[in-house]
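Data first, discussion second: the structure below is written as structure tokens.
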Amino acid sequence: MSKNYHHVELKLQGGELQRGFTCTAPEDAPCRRRPKDADMRESWTREEATETGHPCWASEWVDAVGIEDAIIGTVEDQVLASVAVTITFEEGVGIEPIASNGGAR
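Take any residue in the sequence shown, count from 1 to its spot, add 17: that is its number in the numbering used here.
Right under this line is the structure:
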């Protein structure tokens, strides 16, 4: 079973909800391997010899269309993630994620 290095991130920044995409794959991961002449063509097969250390192709795809369009391109009304939260009221409503094993802090 392969490890998933690609994540959609949701975070608050300057009071706004921001969306992002990250790749944490090591230099030799499949998403960072390409043939030597990959810059001259759009595709290649798994059987071709590749070299390591390239930028992640998944990140490049998402960057090309933008994270909003990449997320919108999913199945209609699909829940991408669900985070447990606590709700408080102290001069206004507050929502804080409940820490879990590696998800929200």
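C-beta atoms are modelled at their ideal positions from N, C-alpha and C, and glycine is treated no differently.
Do Pro52 and Ala66 have their C-beta atoms closer together than 8 Å?
yes
The segment 77 to 93 / the segment 55 to 64 touching (three or more Cβ pairs under 8 Å):
no
When you compare only the Cα positions, how much space is there between Leu29 and Gln35?
6 Å
Rounded to whole angstroms, what is the Cα-Cα separation between Ile104 and Pro114?
9 Å
From this set, Thr69, Gly111, Tyr22, which residue's C-alpha is nearest Glu44's C-alpha?
Thr69
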